[in-house]
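Under the working numbering, read the sequence shown as residues 1191 to 1413, first letter to last.
All C-beta atoms in this analysis are idealised placements derived from N, C-alpha and C, irrespective of residue type, glycine included.
Bear in mind that the values here come from a model prediction, so they are computed numbers and not experimental data.
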Amino acid sequence: MIIAPSVLTADLADLGKACSEAVNAGLNWLHLDIMDGNFVPNLTFGPPVIAKLRKALGPSPVFDAHLMITNAEDSFQQYIDAGCNHISVHVEAVTHLHRCVTAIRAAGATAGVTLNPGTPIDAALEVLSEIDLVLIMSVNPGFGGQSFIPTVESKIRRLKQAIDAQVAAGGRPVQIQIDGGVKAHNIAMLREWGVSNCVVGSGLFNDSASVADNLAVIHQALE
Ligand code: DX5
Ligand code: ZN
């Protein structure tokens, strides 16, 4: 199970330190929540900040850009140029999804398709052979610290069946990543549903314990 810290709930006044704390705790897949204030009602950071983070953290951590922006099709290259290894675009914000995900892979990044809680998986299934990851939102995007939406279970189980069928037919494996409200109390259940990559924000970055201590509790829940 990949635990992907979402830096959205970290101390944004010292983002480099927060990311280093996560990397030093052994977390090498960093989930960067990019918000434009249009697609979602919040605004975070973009390529200039990402480029500084890549300089500060070195080449090894995976930078996973969760693009909650209206112009992902036209701007994903800027995030790759800034140092992102993976780009997830929202089905709801992209007009030409197949062209977009194939272009992301052609540009040398891995490609992901993101689905909001109310969005069916159909569009992801249509491009399943062209992508590396499906990001299932278990909160409505825009903020950290929200409550997990359990109705995404059936969507995840159906997606897992489709991916298993694709692999059985000799096709590419696809990660199922979940994002929003993931904590120690529900992460083992998510693994049983077929999730292999969990974004955790406030479950790792909070005032009650360090990232390392919060991670230890999550690892214990997965034993
Ligand atoms: C929400 C973001 C999530 C969020 C996760 O729009 O995409 O990554 O920061 O934070 P928690 O784990 O606190 O729900
Ligand atoms: Zn996210």
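heavy atom of the ligand ZN below 6 Å from D1254 C-beta: With a cutoff of 6 Å, D1254 does not count as near the ligand ZN, since its C-beta is closer than that to no heavy atom of the ligand.
S1400 beta carbon near the ligand DX5 (any heavy atom closer than 6 Å): Within 6 Å of the C-beta of S1400 there is not a single heavy atom belonging to the ligand DX5.
Coarse secondary structure for G1302, derived from DSSP in three states: G1302: strand per DSSP, three-state reduction.
Classification of H1286 by the beta-carbon crowding that lies within 10 angstroms, buried from 16 upward: It counts as exposed.
Distance cut-off 6 Å: S1392 Cβ against heavy atoms of the ligand DX5: The answer is yes for S1392.
Environment of P1195 [buried if 16+ CB atoms lie within 10 Å]: Here P1195 is buried, its C-beta having at least 16 other C-beta atoms within 10 Å.
Pair within 7 Å by beta-carbon distance, I1367 and N1387: In the sequence as displayed, the identity of residue 1367 is Gln instead of Ile. Cβ distance < 7 Å, so Q1367 and N1387 count as in contact.
From G1273, L1257, S1319 and E1263, residue whose alpha carbon lies closest to that of L1247: Closest by alpha carbon: G1273.
For F1266, the three-state DSSP class (helix, strand or coil): In the three-state reduction of the DSSP assignment, F1266 falls in the helix class, which pools H, G and I.
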